[in-house]
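Q: The structure follows.
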Amino acid sequence: MIGTSDIQGILAGGGTVVGTDGEKIGKVGQIFLDDRTGDAEWVTVSTGLFGKAESFVPLDRATVRGDEIVVPYDKAKIKDAPRVDDSDGHLSASEEAELYRYYGLDYGSDDDATGDVDTAGSRDDDVQGTVGHDTSGPSTDDAMTRSEERLHVGTERVTTGRARLRKYIVTEEETVTVPVTREEVRLEREPITDGNVDDALSGPDLTEEEHEVVLTEERAVVEKETVPVERVRLDTEVVSDTETVDETVRKEEIELDGDTGTTRGTGGL
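This is the structure we're talking about:
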């Protein structure tokens, strides 16, 4: 059984709830006391994204290890526990019975903290069972612990899209001007002179003769080759930005309420 001194140590140290396998389940949210015995009966643990949800865990089989409450359940079991409305700082009998059934515990025996009491919560009806609620008793001093929720915001990396490189072939026309040459036939006439008269008179007087000349020309020849022109790779860069997160946090306030005629004050200012 977890005692009052254990509760104060856990609340003061911002305790955590741990499963039997050593996995951290979450921060301690609220501790509920039995109205009849004053024993710690339930603890809520913050679960879900940013700890928005709270799940109830029974303390009858829990042990304290420093500022940790070790319970015989895993995180999945606790996270799926029935959600109940504890806005008034108490659990109704039906809500408590539903939680007992979920955790496979006997409800209504002599060992149960609630017995015939209708609710399980803080010992005073005007004090909600939140972190730092009044656990004053014979073994405590006259002080009251005031607590508040602190917002812790972190980041997680998620997949937002995919990018890939894809290579495909396109066809385009390319025009290149190439200089070419060709041979053409033309007649050249030269007069008979003393220098060439012997060649001119070397043959018969009158003859028929043919002389054939082979003509050539250059034509453009197309030949293609594949050559590498550049390398392309896919890379990423980190761009920093800011994002605003809004969340509601709670805090406890302590005031003096009585017939002493003194001025009422609020703590935590």
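Per full-length UniProt numbering, residue 1 is the first one in the sequence shown, and the count goes up by one each step. We treat Cβ as the ideally placed atom computed from N, Cα and C, and that holds for glycine. If you're wondering where the values come from, they're calculated on a predicted model, not measured in any experiment.
Using a Cβ distance threshold of 8 Å, determine whether the region 4 to 15 contacts the region 60 to 78, with at least three qualifying pairs required.
A: yes
Q: Where residue 3 and residue 98 are concerned, what is the direct C-alpha to C-alpha distance, given to the nearest angstrom?
A: The alpha-carbon atoms of residue 3 and residue 98 are separated by roughly 25 Å.
Q: Excluding five sequence neighbours on each side, which residues of the same chain lie with their C-beta closer than 8 Å to the C-beta of residue 104?
A: none
Q: I need the boundaries of the alpha helix (DSSP H) containing residue 7, first residue and last residue.
A: Per DSSP, residue 7 belongs to the alpha helix (DSSP H) from 4 to 12.
Q: Might you give, ordered along the chain, the residues of its own chain that have their beta carbon closer than 6 Å to the beta carbon of residue 95, omitting 5 neighbours on each side?
A: 84
Q: Just reading off the beta strand (DSSP E) that residue 200 is part of, what are its end residues?
A: First-last for residue 200: 197 to 200, but that is the alpha helix (DSSP H), not the beta strand (DSSP E).
Q: Considering only DSSP beta bridges, list what residue 31 is partnered with.
A: 43
Q: Looking at residue 55 and residue 79, is the spacing between their C-beta atoms short of 8 Å?
A: yes
Q: If you count every other CB in all the chains shown that lies within 10 Å of the CB of residue 226, and 16 or more means buried, which is it?
A: exposed
Q: Can you tell which of 255, 213 and 23 has its C-alpha closest to the C-alpha of residue 146?
A: The residue with the shortest Cα to Cα distance from residue 146 is 255.
Q: What residue range does the beta strand (DSSP E) around residue 55 cover?
A: 53 to 58
Q: I think residue 216 touches residue 183, with their Cβ atoms under 8 Å apart; what is that distance to the nearest whole Å?
A: 5 Å
Q: Touching or not, the region 228 to 237 and the region 155 to 167, by the rule of three or more beta carbon pairs under 8 Å?
A: yes
Q: I need the straight-line Cα distance from residue 191 to residue 197, nearest angstrom please.
A: 9 Å
Q: With DSSP collapsed to three states, give me the class of residue 231.
A: coil
Q: Would you check if the distance between the CB atom of residue 81 and the CB atom of residue 71 is smaller than 8 Å?
A: no
Q: Mapping the DSSP letters down to three states, classify residue 192 as helix, strand or coil.
A: coil
Q: In terms of residue numbering, what span does the alpha helix (DSSP H) encompassing residue 78 cover?
A: 75 to 79
Q: With 16 as the cutoff for other CB atoms within 10 Å, does residue 25 come out buried or exposed?
A: Its Cβ being crowded by 16 or more others within 10 Å, residue 25 is buried.
Q: Give the range of the alpha helix (DSSP H) segment to which residue 68 is assigned.
A: Note, residue 68: premise wrong, no alpha helix (DSSP H); beta strand (DSSP E) at 68 to 71.
Q: Using a Cβ-Cβ cut-off of 7 Å (strictly less than) and excluding sequence neighbours within five positions of residue 29, which residues of its own chain qualify?
A: 44, 45, 46, 54 and 131
Q: With burial defined as no fewer than 16 other Cβ atoms inside 10 Å of the residue's Cβ, what is the status of residue 86: buried or exposed?
A: buried
Q: Where does residue 223 sit, in a helix, a strand or coil, going by DSSP?
A: coil
Q: Report yes if the C-beta distance between residue 180 and residue 218 is below 8 Å; otherwise report no.
A: yes
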